[in-house]
Amino acid sequence: MGALTEGVERSTRKDRAYLIAIGLLLVELLAGIAWGIQRGLSSLFAREILMIVSFTQIGMVTSVFGLTKAVTNIGMGALSDRVGRKPVIVVGAIVSALGGVVIASADRFAGLLLGTALIGLGGGSTFVGIMVAMTEAIPSRIGLAMGLFELAAYGGSTLGTSLAGYLAVSYGLRQPFTVLMAISALSAVLCFLFIPETNGFAQEERAKPRERVKITHYARELAPMYFAGFSSKIMDSLVVSFLPLYLTGLGMDIDRMTTVLSAFTFSWALLQPVTGHASDRFGRKRVIVFGLAGSVISVVTFTLTGSFSLLIVCSLLLGVEAAFFYTPLVAMVSDIAPSELEGTLIGSYRFFRDLGYFVGPLLLGTIADSLGLVYAFYATSLILLVAMMLIQLQARETVVRAE
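Throughout, my numbering is defined as the position within the sequence shown, counted from one, plus 28.
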């Protein structure tokens with residue numbers, strides 16, 4: 029009888045955990061839509077509305093987003109270990125909504141930077157809170173949990189970028205940021221009303237005695253993952269900041285340009301649950317190395333064609349390859365992190381990863397201004413190559429498979 033009762037309780041707990049995960053994914057989808065609007069239009073807003081022509085200055089917009097998101101990740105990750113995941117998620121969504129309001133009314137470059145910074149602060153808070161909550165809701169399937177998280181984020185981003193293109197063509201470049209505000213506000217309300225706190229899911233594990241190990245011990249082991257994550261955002265900043273300008277330089281209109289961008293996030297989002305699950309079964313390292321190796325090649329292929337159809341193929345392939353390393357990287361971090369430091373270490377990983385969003389646009393913008401836009405693509409490919417070599421040579425496999 030006791031065993032039956034225990035089994036029922038375990039089943040009920042599992043069902044509740046999956047319901048919580050579904051709710052978290054819905055909030056993440058809405059956050060992704062808001063992010064996709066910002067990703068798809070920020071560089072065009074700077075050029076078309078604010079008349080900014082310098083690649084370096086346009087790149088500053090994405091850099092501000094990356095810096096604020098990175099700093100927020102590490103701070104809010106640690107804070108969520110203390111106050112819980114839910115408050116961090118709700119506050120982040122509210123701050124993102126404020127950012128949308130600021131950009132929609134911006135008449136100067138400083139206004140665009142301020143609004144972007146608010147979206148970075150809010151996005152960093154929301155994403156790290158949901159990411160850690162997902163690992164707590166489904167602790168036995170971390171790769172799958174991270175894949176579903178990224179599917180919601182980048183699936184939402186795909187929808188957001190497509191929606192942004194439609195709204196920009198129909199109503200102008202300001203209107204999409206008003207929609208961003210409304211979507212972010214909706215996600216805050218939904219989380220506040222319907223999503224319970226997940227921090228308690230890990231309390232039983234936290235109660236077990238553990239050897240005290242300094243955070244710096246884990247940081248050294250995570251260094252290859254930090255750089256690979258950093259490199260992934262260099263690549264992403266290329267797509268967000270400079271691929272739109274490269275495509276419009278080829279004569280593409282906004283509709284076609286956003287279609288190419290959406291193809292990247294679509295394939296990236298769609299495959300992340302698959303690659304996350306594959307890394308649960310077959311190991312993280314080989315999946316990550318495969319994705320990085322393919323990205324080294326695919327980034328350069330954008331510079332070899334002006335065909336709309338071929339550029340969509342390039343974008344789809346790059347998204348597929350990004351899925352192979354993006355989700356397994358954070359799953360590998362979660363494998364290494366003890367439960368009492370999971371928010372802190374995932375936040376620190378996201379901090380170094382999102383620094384690529386700060387460094388990338390400035391570095392690539394300087395290269396583009398000095399040598400030409402195509403050299404930004406070549407530099408990104410080289411950075412990804414270094415990341416691939418570091419993972420191959422220095423990272424250890426964290427998934428132990430039964431023989």
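We put the CB at the ideal spot given by N, CA and C, even for glycine.
Can you list, in chain order, the residues of its chain with a C-beta nearer than 7 Å to that of residue i? Leave out the 5 residues immediately preceding and following it.
i    : result
A134 : L140, G143
S220 : In the sequence under discussion, the amino acid at residue 220 is Phe, which differs from the Ser named in the question. If we look at F220 and ignore the five residues flanking it on each side, its Cβ neighbours are V118.
A196 : L69, P204, I282
G60  : A180, A181, Y182, G183, G184, S185, G188
P301 : L172, G175, L176, L179
R234 : In this predicted model, R234 has a pLDDT of only 42, less than 50, meaning its place in the structure is not dependable enough to derive any value.
M360 : M253, R312, T426
R67  : S185, T189, V268
A106 : G371, T372, G375
Apart from the five residues on each side of it in sequence, which residues of its chain come closer than 6 Å, Cβ to Cβ, to residue i?
i    : result
S295 : L344, G347, V348
F318 : F352
P252 : L418, I419, Q422, A423
T206 : A132
L208 : A62, I65, G128
A407 : I395
S409 : V324, V327, V328
G384 : F258, K261, I262
P356 : S307, R312, V315, I316
G148 : F93, T96, K97
A45  : A165
Within 10 angstroms of the Cβ of residue i, are there 16 or more other Cβ atoms? Answer buried if so, exposed if not.
i    : result
A210 : exposed
K236 : Any reading at K236 needs caution, since the residue's pLDDT is 41, under 50, leaving its predicted position unreliable; the model's value is listed next. By the neighbour-count rule (16 or more Cβ atoms within 10 Å), K236 is not buried but exposed.
E239 : Because the pLDDT of E239 is 48, which lies under 50, any placement of that residue in the model is unreliable, and the question is left without a value.
G400 : exposed
E56  : buried
Y274 : buried
Y354 : buried
R378 : buried
G193 : buried
A138 : exposed
F388 : Residue identity differs from the one stated: residue 388 is Gly in this sequence, not Phe. Flag for G388 reads buried.
G334 : exposed
M263 : buried
Y246 : buried
S376 : buried
M159 : buried
R113 : buried
G277 : exposed
L191 : buried
S290 : buried
R309 : exposed
S436 : No answer is possible for residue 436: the residues shown for the chain start at 29 and end at 431.
V358 : buried
P272 : buried
Check whether the Cβ atoms of residue i and residue j sit closer than 8 Å, and answer yes or no.
i    : j    : result
F405 : V328 : yes
D397 : G94  : no
L412 : F255 : no
D146 : V116 : The residue you asked about is not Asp; residue 146 is Leu in the sequence shown. No, Cβ-Cβ distance for L146 and V116 is not below 8 Å.
G393 : F155 : no
D43  : T372 : no
L72  : L201 : yes
A423 : K313 : yes
F222 : G51  : yes
C342 : S323 : no
F386 : A98  : yes
A125 : S212 : yes
L47  : L218 : no
G157 : G103 : no
I86  : S269 : yes
In terms of residue numbering, what span does the alpha helix (DSSP H) encompassing residue i cover?
i    : result
F222 : 203-222
D281 : D281 -> no alpha helix (DSSP H), and no H or E assigned at all.
V22  : Only positions 29 to 431 of the chain appear in the structure, and residue 22 is not among them; the question remains open.
D135 : Element bounds for D135: n/a, residue is neither H nor E.
I77  : Where I77 is concerned, there is no enclosing alpha helix (DSSP H), given that its DSSP letter is neither H nor E.
T276 : 271-277
If you measure from the beta carbon of residue i to each beta carbon in chain B, is any gap under 8 Å?
i    : result
G375 : Judged by its chain identifiers, the structure shown contains no chain B, having just a single protein chain.
Quick one: what's got a C-beta closer than 8 Å to residue i's C-beta in the same chain, skipping five residues either side?
i    : result
A49  : M162, A165, I166, A173, L176
M280 : V288, F336
V414 : F255, S259
M88  : L141, P389, L390, G393
E76  : L201
L250 : V361, I364, L373, S376, Y377
key: Contiguous alpha helix (DSSP H) assignments of at least 4 residues, all confined to the stretch 81-123   = DSSP runs (the alpha helix (DSSP H)) wholly in the stretch 81-123: 83-111.
inquiry  = Which runs of the beta strand (DSSP E) at least 3 residues long sit entirely within the stretch 296-337? Give them in chain order.
reply    = Correct list: empty.
inquiry  = Just to confirm the assignment: which complete alpha helix (DSSP H) runs, minimum length 4, are found wholly within the stretch 395-427?
reply    = Counting whole runs of 4 or more residues, the stretch 395-427 contains the alpha helix (DSSP H) stretches 402-422.
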